[in-house]
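*Asks:* Questions regarding the structure given below will be posed in turn.
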Amino acid sequence: MAKPKYDYDSDYFYQRIQESADRQMQENHIIWDKVIAADLGFETPTTFSEMKNGEYRAWSKEENERRSKRINDLLSRARAGVEPEVWKMVLEMGLGKVQAQDITFDKIGDKIQDEQRITVHKLPPNLNALQMWLRHHSQMYRSIESGKLEDEENSDIPTDVNHGIDIGKWIEKEVSDD
């Protein structure tokens, strides 16, 4: 049997994928990066997707399961490292805790003076960022947004018009008791 062109069980193969994932390269970046593709032995852009999804035709079923699981673990572990930082920044933007810095130089005629002014100011709260953070982290917010919480609060109000008090009879009773 002919020796395969590339050793897909080597540590180098998975280390290269790990390095790409640690740089936050998404699957499509890894696919279309010619240096990585040549380095990892990808013949076509779909090769990496097939490997990741366990559908690579050159591998056996057992190899597909084992290797695709390892590739997916590498990618998800790399993404898990950055997600808390992203959510922290989204929350800080939502609460208005992000600071911006402006640098201005003094210009007289055609010459720029050495003096520069640095202005630091807080950005205002961003409601869109706050909404996005709440939507992903708060079950109560999702309940309110979908209307389920209001339905629960109004569940004790009868909606059956045939059930309850007949207002006309109630008025007659109140008037006749006097």
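Sequential numbering from 1 applies to the sequence shown in UniProt numbering.
All C-beta atoms in this analysis are idealised placements derived from N, C-alpha and C, irrespective of residue type, glycine included.
#1: From K173 to I165, what distance separates their C-alpha atoms?
#2: Can you tell me whether DSSP reads E85 as helix, strand or coil?
#3: Nearest CA to the CA of S20: which residue from L40, K69, I108?
#4: Going by DSSP, name the residue or residues bridged to V175.
#5: Is DSSP giving A2 helix, strand or coil here?
#6: What whole-angstrom Cβ distance do L91 and W133 have, given they're in contact under 8 Å?
#7: What number of angstroms, rounded off, separates the C-alpha of S49 from the C-alpha of Y56?
#8: By Cβ distance below 8 Å, which residues in the same chain neighbour R16 in space, the five residues on each side in sequence not counted?
#9: Look up V35 in the DSSP assignment and say whether it is helix, strand or coil.
#10: Have a look at the DSSP bridge pairing and note the partners of H136.
#11: Would you kindly report the start and end of the unbroken beta strand (DSSP E) that includes K97?
#12: Going by other Cβ atoms of all chains shown within 10 Å of its Cβ, with 16 needed for buried, is G94 buried or exposed?
#13: Thinking C-alpha only, which one of G96, G147, M140 is nearest K122?
#14: Go through its chain and collect everything with a Cβ distance to H78's Cβ below 6 Å, but skip five positions before and after it.
#15: What does K122 pair with, by DSSP beta-bridge criteria?
*Replies:* Answer, in terms of the structure:
#1: Whole-angstrom Cα-Cα distance: 12 Å.
#2: DSSP places E85 in helix when its eight states are reduced to three.
#3: When the alpha-carbon of S20 is set against those of L40, K69, I108, the nearest one is in L40.
#4: Partner(s): none; V175 has no beta bridge.
#5: In this predicted model, A2 has a pLDDT of only 47, less than 50, meaning its place in the structure is not dependable; the value taken from the coordinates is given anyway. Assignment of A2 by DSSP, reduced to helix, strand and coil, places it in the coil class.
#6: Contact flag correct, Cβ pair sits at about 5 Å.
#7: For S49 and Y56, the distance between alpha carbons rounds to 8 Å.
#8: Only residues of its own chain outside the window of five on either side were considered, and among them I36, D39, L40 have a CB closer than 8 Å to the CB of R16, listed in chain order.
#9: DSSP, read as helix, strand or coil, puts V35 in helix.
#10: Paired residue(s): none; H136 is not in a bridge.
#11: Where K97 is concerned, there is no enclosing beta strand (DSSP E), given that its DSSP letter is neither H nor E.
#12: The residue is buried, with at least 16 neighbouring Cβ atoms inside 10 Å.
#13: Here the closest residue by C-alpha is G96.
#14: Before going further, note that residue 78 is Ala rather than His in the sequence given. Excluding residues within five positions, the ones whose Cβ falls inside 6 Å are A21, D22.
#15: Note: K122 sits in a beta bridge opposite Q99.
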